[in-house]
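Structure first, then comments.
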Ligand SMILES: Nc1ncnc2c1ncn2[C@@H]1O[C@H](COP(=O)(O)OP(=O)(O)O)[C@@H](O)[C@H]1O
Ligand SMILES: [Mg+2]
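Residue numbers (the numbering used here), protein chains in the order written: chain H, 3 to 377; chain C, 232 to 488.
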């Protein structure tokens, strides 16, 4: 059974429509250009996977960017060695990051709570160092791994040798993976990822994961080997991250170690919490908000600010620019920090809690204790 | 100890110390299949500790616990449960963030599927049979009307009943009950006694820790008395009731709550 109920189908259809029409409804917000749209979709996949682990089990991983980076490296290697068709690269990216998730998950899940979090952080930093310096022959270290003209591309050269000395571009059976086609490709994968996450949420497996979050000891005394459940969830979410990482490489065939840095791991935690941990769509709202504002705020600099305040008297404009400029451009993270703080203090359940509160205010007939989390 | 074939559960020479405290000293216990054994004793006697040893929550310093001939010592809690031992805890252990129905269904899944089953594609709603069975036990325990509510919102007595439903849905061979009626009204206590009598008819073996003598004498086939970590008496309810040592240590002491 692929979809168990009408409401699931409806959720999925609405989601698909919203995602596929992003280029239209994001137009007024000035966000409807391929680069940003691709980012929305790819990070959407990343948080869906992250939320399947963190949201359902309550285990806070600080190392998920590792799998993102590993997925990218694996995909670029696939482009170099085999073919610039993105499909094998994605499969390869998922498998390799799955392997990393299995090893890291096996080690870290020997502990729970804060110790688990610290173990994931420590292992992620190790992987980052490996990628950045130790394994330079594989990762190309600081300079990032890229395609080169003399790459083998065994499959491609076997089918049709590449002519000319420019680099071939990544494609899906001839469709180039940049611009809007790239976005639509990511969007379709996002929709499939979302469908799978609905299935997990509403399956016995999803319920069992939530039960572990609620009372792990009771799970054990009820006969469950909780560690294998946690491990499976960790593996799935690591593979989601690998999928996202290989899509990044598919759009732009480049893989650098900074993608694996702890700040990147922190970002996915922020997006998930900002949107609403453990809710189906909340984390993606978190992606939308963070990536959108990052895009706007970080593009401002001192001069652009002065320009936009130019309708004010000059001293006032300069004063305002002075006050605001630390929060834009490079300082965008300051703004993000404040935003995050406000949300966590006033809406501990993230944006989704805000949505629920508004909905509760408007709905006449009250419903006590909603237990099914479908939104 | 006993070579009687019908002994399903036995505890041999179990000792446990916490720091300097001898929580269990040389405890021996043998329970026949289908029997309801009550363990009574003053607060701090070590009753809960004994059950903790049985379900693998704590390891005994020495001694073994055997269930159907297999040693339980060193096994994980989930392993012990899969062998057919279920427990109701003194402080209710439930899933507060899930609905009552979900609480019971989770227990039912583990009975059917074992310690692990990866089922991400199947819908919960498609589990008709387990759904009905779970509802049946909620009805049996008079909490079916709250089936869709969060377990966190239940009263303490209802949480206990929920936990009992979670255990019963697994059809355990051995059910361990740690003060199952504490915090319940007289009416609910009597109702619980009825339910426990009913499952006794089905041949389920039970060990029940209880302060309420009304409950103990309504249910127990045999009673063991634990005081300061040691079994000081064991016998039929009448024998124990008239045992002087017991009256001194417990029944007449007025220490129970
Ligand atoms: N995990 C533990 N660590 C230290 N002391 C414990 C632990 N569990 C129980 N005890 C002590 O062992 C004694 C017996 O406790 P318990 O088995 O809970 O008694 P009962 O259930 O008979 O009231 C008490 O003195 C208690 O403080
Ligand atoms: Mg106790």
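Every residue gets a Cβ at the ideal spot worked out from N, C-alpha and C, and that includes glycine.
Helix, strand or coil at residue 453 (chain C) according to DSSP, with G and I counted as helix: The residue given as residue 453 (chain C) occupies position 222 in the second chain. Residue 453 (chain C): strand per DSSP, three-state reduction.
Segment contact flag, the segment 220–227 of chain H with the segment 93–101 of chain H, C-beta cutoff 8 Å, min 3 pairs: no
Assuming residue 423 (chain H) and residue 334 (chain H) form a contact by the criterion Cβ under 8 Å, report the distance between their Cβ atoms to the nearest whole angstrom. Residue 423 (chain H) is absent from the model: chain H starts at 3 and stops at 377.
With a threshold of 7 Å between beta carbons, is residue 299 (chain C) in contact with chain H? Translated into the one-based positions of the second chain, residue 299 (chain C) becomes position 68. Not closer than 7 Å to any Cβ of chain H, the Cβ of residue 299 (chain C) fails to qualify, so no.
Among C:364, C:323 and C:338, which residue has its Cα nearest to the Cα of residue 383 (chain C)? Taking the first residue of the second chain as 1, we reach residue 383 (chain C) at position 152. Among C:364, C:323 and C:338, the Cα nearest to that of residue 383 (chain C) is on C:323.
If you scan the segment 374–428 of chain C from start to end, which runs of the alpha helix (DSSP H) of 4 or more residues do you find wholly inside it? Listed in chain order, the complete alpha helix (DSSP H) runs (minimum 4 residues) inside the segment 374–428 of chain C are 387–399.
Just the Cα atoms here: how many angstroms apart are residue 337 (chain H) and residue 298 (chain H)? The residue labelled residue 337 (chain H) in the question sits at position 335 within the first chain. The residue labelled residue 298 (chain H) in the question sits at position 296 within the first chain. Rounded to whole angstroms, residue 337 (chain H) to residue 298 (chain H) spans 12 Å at the Cα level.
Pop quiz: residue 23 (chain H) and residue 39 (chain H) are said to be a contact at Cβ under 8 Å. What is the actual Cβ separation, rounded to whole angstroms? Here residue 23 (chain H) corresponds to residue number 21 of the first chain, with the count starting at 1. Here residue 39 (chain H) corresponds to residue number 37 of the first chain, with the count starting at 1. Not really, about 11 Å apart at Cβ, beyond 8 Å.
Hey, is the segment 346–353 of chain C in contact with the segment 405–412 of chain C, meaning 3+ C-beta pairs nearer than 8 Å? no
Check the DSSP bridge columns for residue 119 (chain H) and list the partner residues they point to. The sequence position of residue 119 (chain H) within the first chain is 117, counting from 1. DSSP, once it has assigned bridges, lists no residue as partnering residue 119 (chain H).
Quick one: does the C-beta of residue 294 (chain C) sit closer than 6 Å to a heavy atom of ligand 1? Indexing the second chain from 1 puts residue 294 (chain C) at position 63. Result no, Cβ not under 6 Å from ligand 1.
Hey, does residue 222 (chain H) have any beta-carbon neighbour from chain C nearer than 7 Å? Reading the first chain from its first residue, position 220 is the one you call residue 222 (chain H). Residue 222 (chain H) counts as touching chain C.
What separation, rounded to the nearest whole angstrom, lies between the Cα atoms of residue 377 (chain C) and residue 470 (chain C)? Here residue 377 (chain C) is taken as the residue at index 146 of the second chain, counted from 1. Here residue 470 (chain C) is taken as the residue at index 239 of the second chain, counted from 1. Going from the Cα of residue 377 (chain C) to the Cα of residue 470 (chain C) covers about 42 Å.
Could you check whether the Cβ of residue 226 (chain H) sits closer than 7 Å to any Cβ belonging to chain C? In the first chain, residue 226 (chain H) corresponds to position 224, counting from 1. Output row for residue 226 (chain H): interface = yes.
Ranges of the beta strand (DSSP E) found wholly within the segment 311–367 of chain C, counting only runs of at least 3: 316–319
Exposed or buried, what is residue 317 (chain H) when buried is set at 16 or more other beta-carbons lying within 10 Å of its beta-carbon? Position 315 of the first chain, counted from the first residue, corresponds to residue 317 (chain H). Under this definition residue 317 (chain H) is an exposed residue.
Integer Cβ distance of residue 457 (chain C) from residue 277 (chain C), believed to fall under 8 Å: The count along the second chain starts at 1 and reaches residue 457 (chain C) at position 226. The count along the second chain starts at 1 and reaches residue 277 (chain C) at position 46. Right, their Cβ atoms sit about 6 Å apart.
Taking 6 Å as the cut-off, is the beta-carbon of residue 459 (chain C) closer than that to any non-hydrogen atom of ligand 2? Along the second chain, read from residue 1 onward, the residue named residue 459 (chain C) stands at position 228. No.
Closer than 7 Å to chain C by CB, residue 195 (chain H): As a working mapping, residue 195 (chain H) is identified with position 193 in the first chain. So, not an interface residue.
Could you give the distance in angstroms between the alpha-carbon of residue 474 (chain C) and the alpha-carbon of residue 230 (chain H)? On the second chain, residue 474 (chain C) is found 243 positions in, with the first residue counted as 1. On the first chain, residue 230 (chain H) is found 228 positions in, with the first residue counted as 1. Approximately 50 Å between the Cα atoms of the pair.
Which partner residues does residue 464 (chain C) have in the DSSP bridge list? To locate residue 464 (chain C), count along the second chain from 1; it is residue 233. C:456.
Is the distance from the Cβ of residue 73 (chain H) to the Cβ of residue 247 (chain H) below 7 Å? Start at 1 with the first residue of the first chain, and residue 73 (chain H) comes out as number 71. Start at 1 with the first residue of the first chain, and residue 247 (chain H) comes out as number 245. Contact flag set, yes.
Quick check: does the Cβ of residue 278 (chain C) come within less than 6 Å of any heavy atom belonging to ligand 2? For this step, residue 278 (chain C) is matched to residue 47 along the second chain. Yes - ligand 2 has a heavy atom lying nearer than 6 Å to the Cβ of residue 278 (chain C).
Endpoints, the alpha helix (DSSP H) within which residue 158 (chain H) is located: Reading the first chain from its first residue, position 156 is the one you call residue 158 (chain H). Element bounds for residue 158 (chain H): 156–161.
With a threshold of 7 Å on Cβ separation, who are the neighbours of residue 299 (chain C) within its own chain once the five nearest residues in sequence on each side are excluded? The residue given as residue 299 (chain C) occupies position 68 in the second chain. Excluding residues within five positions, the ones whose Cβ falls inside 7 Å are 239.
I want to verify the contact list: residues of chain C whose CB lies under 8 Å from the CB of residue 310 (chain H), in sequence order. The residue given as residue 310 (chain H) occupies position 308 in the first chain. Within chain C, no residue comes near residue 310 (chain H); the closest Cβ sits about 47 Å away, beyond 8 Å.
On the criterion of 16 or more Cβ atoms from any shown chain inside 10 Å, does residue 229 (chain C) qualify as buried, or is it exposed? Here chain C has residues from 232 to 488 only, and residue 229 (chain C) is not among them.
DSSP state of residue 278 (chain H) mapped onto helix, strand, coil: To locate residue 278 (chain H), count along the first chain from 1; it is residue 276. Reduced to three states, the DSSP call for residue 278 (chain H) is coil.
Spatial neighbours of residue 135 (chain H) in its chain, beta-carbon cut-off 7 Å, leaving aside the 5 residues before and after: In the first chain, residue 135 (chain H) corresponds to position 133, counting from 1. Closer than 7 Å at the Cβ level, and outside the excluded window around residue 135 (chain H), lie 143.
Am I right that residue 455 (chain C) and residue 289 (chain C) are in contact with their C-beta atoms under 8 Å? What's the rounded C-beta distance? For the purposes of this step, residue 455 (chain C) is taken as residue 224 along the second chain, with counting starting at 1. For the purposes of this step, residue 289 (chain C) is taken as residue 58 along the second chain, with counting starting at 1. Not a contact, Cβ separation roughly 19 Å.
What in chain H is Cβ-close to residue 295 (chain C), meaning under 8 Å? Your numbering for residue 295 (chain C) matches position 64 in the second chain. Simply none; closest approach about 20 Å.
Going by other Cβ atoms of all chains shown within 10 Å of its Cβ, with 16 needed for buried, is residue 187 (chain H) buried or exposed? Locating residue 187 (chain H) in the first chain gives position 185, counting from the first residue. Buried, because 16 or more other Cβ atoms sit within 10 Å of the Cβ of residue 187 (chain H).
With DSSP run on the structure shown, which of helix, strand or coil describes residue 253 (chain C)? Counting from one through the second chain, the residue named residue 253 (chain C) turns up at place 22. Of the three classes helix, strand and coil, the one that applies to residue 253 (chain C) here is strand, per DSSP.
Beta-carbon neighbours of residue 397 (chain C), restricted to chain H and to distances below 9 Å: Counting from 1 along the second chain, the entry for residue 397 (chain C) is found at position 166. 220 and 224, listed in chain order.
Can you grab the Cα-Cα spacing for the pair residue 484 (chain C) / residue 359 (chain H), in whole Å? If you number the second chain from 1, residue 484 (chain C) lands on position 253. If you number the first chain from 1, residue 359 (chain H) lands on position 357. Confidence is the limiting factor: at residue 484 (chain C) the pLDDT is only 49, short of 50, which leaves the residue's position unreliable, though a coordinate-based value still follows. Those two C-alpha atoms are separated by around 55 Å.
Beta-carbon separation of residue 404 (chain H) and residue 266 (chain H) under 7 Å? Not covered by the structure: residue 404 (chain H). The range shown for chain H is 3 to 377.
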